[in-house]
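Residue numbers (the numbering used here), protein chains in the order written: chain A, 294 to 603; chain B, -16 to 303; chain C, 1444 to 1769; chain D, 34 to 356; chain E, -3 to 503.
We treat Cβ as the ideally placed atom computed from N, Cα and C, and that holds for glycine.
Everything numeric in this text was worked out from a predicted model, so none of it was measured.
Down below is the structure, laid out as structure tokens.
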Ligand SMILES: Nc1ncnc2c1ncn2[C@@H]1O[C@H](COP(=O)(O)OP(=O)(O)OP(=O)(O)O)[C@@H](O)[C@H]1O
Ligand SMILES: Nc1ncnc2c1ncn2[C@@H]1O[C@H](COP(=O)(O)OP(=O)(O)OP(=O)(O)O)[C@@H](O)[C@H]1O
Ligand SMILES: [Mg+2]
Ligand SMILES: [Mg+2]
């Protein structure tokens, strides 16, 4: 009967193998399975669109000092201003800015700062972390002590020094935030890379005669992406709140170009008066923004975890 | 009636893309002091069967039907509390992976005496004596020292023996061992098999031994069930099955094993691969890979039983 | 002897790297100099002839993988030398990587989950300039066919394959550099019996069609018996016996080999009722003095406890390291 | 272990030196402290005189060199603002800070871990959703906001707790603590709760993730197969395995609690180090800033060391390699 | 009865000779000076019962007899001499030397008489001596910061005795029952440091403290809605004003509309300066932004202070006039400007700047507002330029007439910058007018009060007419306290237990 034994059968019956699917398609499909996560993504997209379109849809240019008047300060939502007959849907703040416009422009800055600083910090931290993991030994020790140093340097001092050295502005605040955040990424990447480096596929790549730099960046790095994405979304939220705190302490953004955080901390003084709208509306916008980013990150964590993928 | 009677046990997994029957109407019985081998490819439902017998199927899985009688008790009707009494005391299990089944932060001795203490009131010192004896029985040298060790300080073989010792401390009536030697070396595997044989003989404990390698259970088991895609395709006394397999799948498993006789020749290998449980072919699940399949195989084959043996195939191999 | 690969006194020891500070501290007596070394591979001299399959058998942790890794140029040896086709290959060069490839034990871990099959297979060849990017798709397709996979799988990811299929991809990757020598490190241990048979067949086919030479590492004696021409038995980092397959299985000399063969479960043997060898593989951190096997050996003498037996030719082409032969 | 500590400290000494340089350069970059120190109407002459009395007239590198020489003799300089040794100024505030930090840590552990475990053990339940939802809110809300709401609700409206400051202290082993009396505790609760809110959320999330991970582990199933169930399963089998990553995170967070709880401290007028650093930075009180950063770095080093030791205690697997 | 005060600032030193307004606020409870300041900062007898000019450079002070320090020692002329000399010679950045720089010598000329010789005529000496605490000589020259902080040498003659100072938390004082004057009703007085306003407000609302200082409009609503709180306020000496770059032809932060450097410094044109003056919306800022926490200013000191000129009226807010003036000056389309401010120094400083930016933009000067912490701001405003000169073009500062006399701000802000003579220390715009300089110098040596006040008024008018500075407003000091207290507001913003009483109706 052994004679009838077929030659090695080529296993290619389609039913045995899941259909090929691009990884991002699978990601998207997995991601959209959760209703909450989909809503969060939609909300974020909406906020981004609204922020981008701010110059078009905002009733006022809050950055143009000539169009803002202190005489219009603290007008409650929906009431006509003293001079003109325009009405402010969400009221005005203490400087007479239209809250709606200020929130739209503030969103722009907050999202920009959160996203951009997280991305830059991610790039910087990733490179540094990979280098540390790759070279190990002394270089690793030096880099990790620098990371310790960075983590124990208060953000406020860094921000203040940068403010003094470079002046005030969105770009400088961004720079300060990157400097404060890169260490988190470096730590994360290094940790993940050290784990990945032990895996057999790395040995396989060595066995193929590939140089270690290529192994680090082409083979190990992509496998560290999942924890990185999660850190990045968390850090985005954190960056936005950090910027708010920095502005609260007067070392963040220029007074005349408020971010959401600055709007809130300005309105913070009105906690004891009944001018709720000055800090509540930007607060609501910020909370929605940060929660949706966190939910997305949370869900990405689930989706990107191959263990939970079935 | 045997110690354990399983009738038409069904275990399902509810997944987003459908319900998978990982265990599909399996039945067998096992007497005290007997050894049952369950053999099958990866994914054929061996572990799920074991978990079902322990009532440890985790969501999304659940036991969907059938009966399990243990010493005359209907386990399907047992309460949670009853299960907590039974597990570890009357029915014990040894898991597949020795590296993963011991708690890494607890000392060996504590883990073993815990098994004893949660079921029986006794003094710590006397519990430790029992544990020490159990460790000795599974062939661990210097057991008193080992009891103070943590799992990571032991080799894989030792850990697996600790897991086996854990199964025997309460002298259960039934031990379910899920591929306990797959990850081990031949010499260690041989030791464990030897100890298991002694155990069943000496204390009358019944044993279910799960593996994908027929040669491993050959010397140990009294009976064998061959599983494929959640169903038992053939069962019966071990020698008869190995000598005269009736189901083509069993034949394939036997032929796949390399040995001196096949040296230089091509090995037989079952063509194709295990179908996913969610898209099982209608009828005999093995038919797409079977060289003997005919259109008749598209209906589920009945169980053909003659005396102690049974098989599910319309075209059994007739070696006689 | 026209050996293809030859190792001479190849050794590898692992020890925790110590910092400058720790060394300084122990120098002034602040810390105990308790550095332990694991001699994972200890003075192994072997040779493999072209076209041969050398089986390497031993218990877990005895140093088989370490040896395989050194041969494949993944791990630099601490001591000794490797010669490949007469040229020194102790330090891995690109040329050496092209000649010697490795297939790993675990098909789930040895493929980078983030690379597509075609990338996995063609990356190194392209990097080394063996392959032009334009030819890559055909190259991948033909390799996939050689290992019995459908070329349409080229743009899938490893997780979409079963264990046996992954092992085939790993083999295709090893073949992509057109090696002369393949180290198979427990390449079938993780697979279940029917898939194992497929892969073993594939190895034999490739040997025939490409004239490949294998170092076949396994602890499964049945598999080794099936595939190997010669078998080397390793115990605690050393070769204890080496000869052709038939001799090993018929008339093993070393007590350890004998125990191994007796313990191996096999379908065609009668019920084994003997008591298997007892005791654990001693820790490589503090190997026993003398013959490393003596604590488990039933015939051990006092000499075995003190003196290390050397590997001696006890019959033509049959080497064994046991005092009992004297 | 002592070897480990010394090694760490030696390694950190270099970093601390670097830190002092950075802080020094940073403050110099921000501005000349002298303008903040002298009376607003002081003449140029008086300014110069004052600068001389503080050594600020020297070139920056020389000031740094002087600082190093003095630091080597154990003198980190006198605060420009308080005219007291910077170190004693900081040390004076350490008990208050530690008290607040540890109370916050205590809250986050006793509230966060049980909630996280509950959430992790019932992955599909509504309780989990509620807990995780709250924890997201906890991560999001800015501290200054929460602090004020707490004050408004609990001290102004309900009058349960005082709105700020530190309560009466008693000396325990020479350290002034306020938690020994109910009166003192009352002052501690609100700021500690404010500070711990984010940490509670963090601990909940970590514990939940860890519990989910651990409860899927084979050894937990194995324990269940032994008949282990209920609280024993949770406390003896799951909890110790969940704790390891939490300890790492909490170690880092404790450092932050100690060094940077500035917003909370200033809202609650809690006389801790965070308030000191922010004031010192804004007054360019360089000796205090430099000494402060050096001390916090040491604290971080020490905490990291303790975390490593805890690791060894919690995870026997690490013990064998560390020996 | 006990009094608990929620105090904004933190005490940084217990040495009463270390200059710091907030410290002094607390230590005047413990220490007294020869002269005291009443609510309007007018001098009144304290440890000196009377004083007179022997000649234009010699002052004689008669001491109050039978005054004892808290350690029981009787105060003597030697103690006074010791104290003044100690204050003059104390080293460190913050001393009272500025106020004592006129003093030549202090001599004891009798058991109860001290004679002070000045370098030149010094009409404001009694005011200045009002700042100098008298300490017992027995504490010696070596008394350290530490000794004061722990109470070892903390002995004054004041109505309260020092009990303790917990750094960053509170200063506790107790009644001095041996006080020479009217005995205080409070047994214990505590200054609780609560820097953040909302926290201070809630401390008051929750009853943790009886009174808070520096209450602003932000929290007024909640005080109003609670019927347990009363509020009192007064205009303080703190003037916020704008300074303009007058010393550079090419001011770095003034640009043409295209961003190119301007041909000449527009601020050197009086029309431009007048345009700025007219553009400022003082009433708007005071009412809408400060919400009553400030009073529009037209000069250096508020009404009631020495040197205030009631004839100087607050300039009207007139955008049309401002635009016209700009056009006349040759800037019909304005120009570009960056204006600098601190953001953590004065009440609402950043917001005020923003509001100013609004009005300047409205008259065509496209204004960017840059705000920064005072730590950064102060250095740059004073010496941030390339060669150590002031950096900014238009910027805001504050100055207070601590002694209640306009002479000090005139000397510091309006007089030409003269490093050697120590004049024009705060003149960071380098405004310089011969006429003003002459008037101010003359006032500083005129012993006749009436004549001196006239000179100072003339100087102030000259500065304002020339728009040497743009005065904005005087800040107000506000106290909020539980009903049942009466609080005497002081224009130096000091919170004195001596001015706080349980109102009779409440008893
Ligand atoms: N949690 C789960 N969700 C969905 N399906 C599951 C789950 N667990 C197991 N299964 C399915 O049940 C089937 C049987 O699995 P089981 O683990 O019993 O196989 P096995 O025979 O033990 O294989 P192996 O030899 O690999 O251990 C598999 O096909 C698997 O797809
Ligand atoms: N990177 C390493 N660092 C330290 N020790 C190592 C390292 N790699 C291997 N070893 C040690 O070297 C010895 C031999 O390991 P090796 O992996 O070669 O064994 P093996 O025979 O392949 O075992 P297995 O059958 O389990 O694969 C073991 O004791 C192992 O602990
Ligand atoms: Mg299984
Ligand atoms: Mg190996």
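Taking the CA atoms as reference points, residue 128(D) sits about 8 Å from residue 305(D).
Looking at the DSSP output, residue 201(B) sits in no beta bridge, so it has no partner there.
Spanning the alpha carbons of residue 460(E) and residue 413(E) requires a straight line of approximately 17 Å.
Residue 392(E) is classed as buried because its beta carbon has at least 16 other beta carbons within 10 Å across all chains shown. Note: residue 57(E) is bridge-paired with 47(E) and 110(E) in the DSSP secondary-structure output. Residue burial annotation: residue 1622(C) is buried, with at least 16 other C-beta atoms found within 10 angstroms of its C-beta. Interface residue (Cβ-Cβ distance to chain D less than 9 Å): residue 278(E) is not classified as such. Taken in chain order, the complete alpha helix (DSSP H) segments of 4 or more residues contained in the stretch 196 to 250 of chain B are 197 to 201, 221 to 226 and 231 to 239. Excluding residues up to 5 positions away in sequence, 265 and 266 lie with their Cβ nearer than 6 Å to the Cβ of residue 281(B) in the same chain.
The beta carbon of residue 215(E) sits closer than 9 Å to some beta carbon of chain A. Under the three-state reduction of DSSP, residue 281(B) is assigned to helix. The C-alpha of residue 340(A) lies about 11 Å from the C-alpha of residue 403(A). Here residue 72(B) is buried, its C-beta having at least 16 other C-beta atoms within 10 Å.
Counting along the chain, residue 570(A) sits inside the alpha helix (DSSP H) bounded by residues 570 to 597.
Using a 10 angstroms sphere on the CB of residue 172(B), the tally of other CB atoms reaches 16 or more, which defines it as buried. Closer than 9 Å to the CB of residue 1745(C) there is not a single CB belonging to chain B.
According to the DSSP assignment, residue 1755(C) belongs to the beta strand (DSSP E) that extends over 1755 to 1758. At a Cβ-Cβ threshold of 9 Å, residue 29(B) and residue 189(B) do not count as neighbours.
Using a CB distance cut-off of 9 Å, residue 141(B) does not count as an interface residue toward chain D. In this structure, residue 150(B) lies near residue 75(B), with their beta-carbon atoms less than 9 Å apart.
Around the Cβ of residue 113(B), a 10 Å sphere holds 16 or more other Cβ atoms; the residue is buried. When Cβ-Cβ separations below 9 Å define contact, residue 1520(C) makes no contact with chain A. Under the 9 Å criterion on CB atoms, residue 558(A) is classed as non-interfacial with respect to chain E.
For residue 242(B), the chain C residues whose Cβ falls inside 8 Å of its Cβ are 1665, 1668, 1669, 1709, 1710 and 1711, in order along the chain. Relative to residue 584(A), the option among 530(A), 545(A), 552(A) and 574(A) whose CA is nearest is 530(A).
Exposure of residue 215(D) is indicated by the presence of fewer than 16 other C-beta atoms within 10 angstroms of its C-beta.
Per DSSP, the beta bridge partners of residue 1677(C) are 1501(C) and 1682(C).
With contact defined as three or more Cβ pairs closer than 8 Å, the stretch 66 to 84 of chain E and the stretch 100 to 111 of chain E are in contact.
Beyond the five residues adjoining it in sequence on each side, residue 1647(C) comes within less than 8 Å, by CB distance, of 1670 in the same chain, given in chain order.
With a threshold of 9 Å between beta carbons, residue 454(A) makes contact with chain D. Partner residues in the beta bridge of residue -5(B), as assigned by DSSP, are 4(B) and 45(B).
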